[in-house]
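These notes are about the structure you will find just below.
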Amino acid sequence: MSVKVPEGWARTGPPSDTVFTDKLNRIEIRPGRASAPPTPTSVRNQVARLRTQVPRFAMGSVKQVSRTSAHAVLLTYQGDSRQDPVTGKVVRDAFEQYTFYRSGRLLTLTLSGPTNADNVDPWRIVSDSVRWL
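Under my numbering, the sequence shown is numbered contiguously, ending at residue 1205.
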């Protein structure tokens, strides 16, 4: 699979996940396996885990969406960022988590950035760029 990310973003991550960051924005790409396509209900079942991982978690919505290359389930939510190790600041983030599926393969694409930032167009470009190889 491939995903187009903005040029110049720093790439990090453990062996299974790939993370791109630039200032306060973040793109996390996590491949996986599943025996069936995700549904809004199956994605909603992940919310309990997110509540324990994301400080001040606030649920948004879960819905089926169409992107250029595939359908996905979109989960939106808000939460506090990790504390910046240099400044100590915490930022309120908006999250869009797309779960794509094809032939037993799963791709979870999580986009995050400060709430009220104009990320609609950049996030649309990234989520539309998902391609199965």
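By construction, the Cβ of each residue, glycine as well, lies at the ideal position given by its N, Cα and C atoms.
None of the values given here were measured: they were computed from a predicted structure.
Within a Cβ cutoff of 7 Å, which residues of the same chain sit near residue i, ignoring the five residues on either side of it in sequence?
| i | result |
| --- | --- |
| R1105 | G1176, R1177 and L1178 |
| G1085 | V1091 |
Measuring CA to CA, which of the options is closest to residue i?
| i | options | result |
| --- | --- | --- |
| W1204 | V1145, E1168, L1183 and T1140 | T1140 |
| V1134 | L1181, P1194, V1091 and V1119 | V1119 |
| N1188 | R1174, F1167 and Y1173 | F1167 |
| F1172 | H1143, S1088, F1129 and D1200 | H1143 |
| P1157 | L1096, M1073, V1075 and W1081 | L1096 |
Buried or exposed: where does residue i fall if 16 or more other Cβ atoms within 10 Å of its Cβ makes it buried?
| i | result |
| --- | --- |
| G1160 | exposed |
| E1079 | exposed |
| D1193 | exposed |
Looking at the structure shown, is residue i part of a helix, part of a strand, or coil, going by DSSP?
| i | result |
| --- | --- |
| R1105 | strand |
| V1202 | coil |
| T1113 | helix |
Can you list, in chain order, the residues of its chain whose CB lies under 6 Å from that of residue i, leaving out five sequence neighbours each side?
| i | result |
| --- | --- |
| Y1170 | A1144, L1146, L1181 and S1199 |
| R1123 | F1129 |
So with Cβ pairs under 9 Å, would you call residue i a contact of chain D?
| i | result |
| --- | --- |
| D1152 | Judged by its chain identifiers, the structure shown contains no chain D, having just a single protein chain. |
List, from N- to C-terminal side, the beta strand (DSSP E) runs of 3 residues or more that fit wholly inside the stretch 1120 to 1200. Runs of the beta strand (DSSP E) lying entirely within the stretch 1120 to 1200, each at least 3 residues long, are 1130 to 1138, 1143 to 1152, 1164 to 1174 and 1177 to 1186 in chain order.
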